[in-house]
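Notes for the one structure printed next.
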Amino acid sequence: MKFKSNKNTLYKHKTTITLLLTIVVGVLCMASYQSAINEISDLVLVPVAAKSMGSRTIVMEEDIKYIEVPKCITLENVSLDKEDIIGKYVKPYQSIAQNSLFYHDLIADKENMNDANLFFLQEGEVAISIDVDMKTSYANSILVGHLIDLYFLGKVNMNQGAANQAIVHGEIVKNARVIAVKDKEGNSIESDTELESNVLVVALSKEDAHLVGVAKAMGSVTPVISYDNISQSEATDYYDYYKIRNIILGNSLDVTLISMNEEEQNE
Numbered sequence: 026m027k028f029k030s031n032k033n034t035l036y037k038h039k040t041t042i043t044l045l046l047t048i049v050v051g052v053l054c055m056a057s058y059q060s061a062i063n064e065i066s067d068l069v070l071v072p073v074a075a076k077s078m079g080s081r082t083i084v085m086e087e088d089i090k091y092i093e094v095p096k097c098i099t100l101e102n103v104s105l106d107k108e109d110i111i112g113k114y115v116k117p118y119q120s121i122a123q124n125s126l127f128y129h130d131l132i133a134d135k136e137n138m139n140d141a142n143l144f145f146l147q148e149g150e151v152a153i154s155i156d157v158d159m160k161t162s163y164a165n166s167i168l169v170g171h172l173i174d175l176y177f178l179g180k181v182n183m184n185q186g187a188a189n190q191a192i193v194h195g196e197i198v199k200n201a202r203v204i205a206v207k208d209k210e211g212n213s214i215e216s217d218t219e220l221e222s223n224v225l226v227v228a229l230s231k232e233d234a235h236l237v238g239v240a241k242a243m244g245s246v247t248p249v250i251s252y253d254n255i256s257q258s259e260a261t262d263y264y265d266y267y268k269i270r271n272i273i274l275g276n277s278l279d280v281t282l283i284s285m286n287e288e289e290q291n292e
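Under the working numbering, residues 26 to 292 are what the sequence shown spells out, in order.
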């Protein structure tokens, strides 16, 4: 009888423990469920597009509205502050659908659009690129809005004979307006950047743009920061502004422009 009583007691203990474990697990499950419900119920406001926007569209304040989303949702690479969105452009070949989030990959500042359609050109102007490096950009000192002169370096044959050659150097464009400065990856160069200038884009008249195009093909064109008085008295083989323009365009009677190779241009 005593053995039977111990057996019944052990059975009751197992039943009690099982019941307690079931209750604990149930409480934990309920707590976890309630926590998940609370997270889902905890909503935050995020900005979305109030309408569909196509490529190169500037985002205005009226183009933004807010919707509620659960706080637990991970929003990566998304702009959550409208101040970071207003004034940005929809990137070329991209679009933003109505009610879509503003993903970083879809919008950009005007300076970082890499879109020639956004260059600030006046009537009758064209954009021309000039290759530069740390040295010729004055250590990144040439920025958007600056005025620069463009100088040509080339080689000519004196028409008395092919053996009589000379290097010519001089100003070909005055006060070219810089409208973009980019590094080799197309990123905009700012005054406080650590990037290295690789390309200047300048606004020129069609006549000057043609001149610079020929000059780039026959020699090298480099920027010079604009100033009023250029001393020419000690220059060697210096040709004045109008003379060197005529040489490049093939209108000179006494000299003929010949192409310089890359090594000569870099000397």
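Idealized CB from N, CA, C, for every residue including glycine.
Among the bridge pairs identified by DSSP, residue 179 is matched with 193. The straight-line gap separating the alpha-carbon atoms of residue 165 and residue 86 is approximately 35 Å.
Distance from the CA atom of residue 196 to the CA atom of residue 281, rounded to whole angstroms, is 18 Å. For residue 157, there is no enclosing beta strand (DSSP E), as DSSP gives it neither H nor E. Scanning 120, 182 and 102 for the CA closest to the CA of residue 80 turns up 120. With contacts defined as CB atoms closer than 8 Å, residue 228 and residue 147 qualify as a contacting pair. Per DSSP, reduced to three states, the secondary structure at residue 285 is coil, with no helix or strand assignment. Taken in chain order, the complete beta strand (DSSP E) segments of 3 residues or longer contained in the stretch 202-248 are 224-230. Approximately 7 Å separates the beta-carbon atoms of residue 100 and residue 71; this is inside 8 Å, confirming the contact. Sequence-distant partners of residue 76 (beyond 5 residues in either direction) whose C-beta falls short of 8 Å from its own C-beta, in its chain, are 88 and 123. Counting only residues of its own chain and dropping the five nearest sequence neighbours on each side, residue 171 has a CB closer than 7 Å to the CB of 203. For residue 268, no beta strand (DSSP E) run applies; the uninterrupted alpha helix (DSSP H) run containing it begins and ends at 266-273, by DSSP. Here residue 223 is near residue 157, since their CB atoms are less than 8 Å apart. With a threshold of 16 other beta carbon atoms within 10 Å, residue 53 falls short and is exposed.
Per DSSP, the unbroken beta strand (DSSP E) holding residue 74 starts and ends at 68-74. The closest CA to that of residue 235, considering only 268, 215, 209 and 154, is found on 154.
Shown here, residue 137 sits in a helix according to DSSP, grouped into three states. Look at residue 105 here: in three-state DSSP terms it is coil, with no helix or strand label. By the 16-neighbour rule on beta-carbons within 10 angstroms, residue 135 is exposed. Residues of the same chain with a CB within less than 7 Å of the CB of residue 110, apart from the 5 flanking positions on each side, are 72, 84, 89, 104, 127 and 132 in chain order. With 16 or more neighbouring CB atoms inside 10 Å of its own CB, residue 248 falls in the buried class. In the structure shown, the three-state DSSP call for residue 150 is strand.
Linking residue 183 to residue 193 through their CA atoms gives a straight-line distance of about 11 Å. Taken through DSSP and simplified to helix, strand or coil, residue 78 comes out as strand. Nearest in C-alpha terms to residue 273, of all of 178, 216 and 47, is 178. At the C-beta level, residue 206 and residue 191 stay beyond 8 Å of one another. Our two residues, residue 225 and residue 241, have alpha carbons roughly 14 Å apart in a direct line. Here residue 246 is buried. Its C-beta has 16 or more other C-beta atoms within 10 Å.
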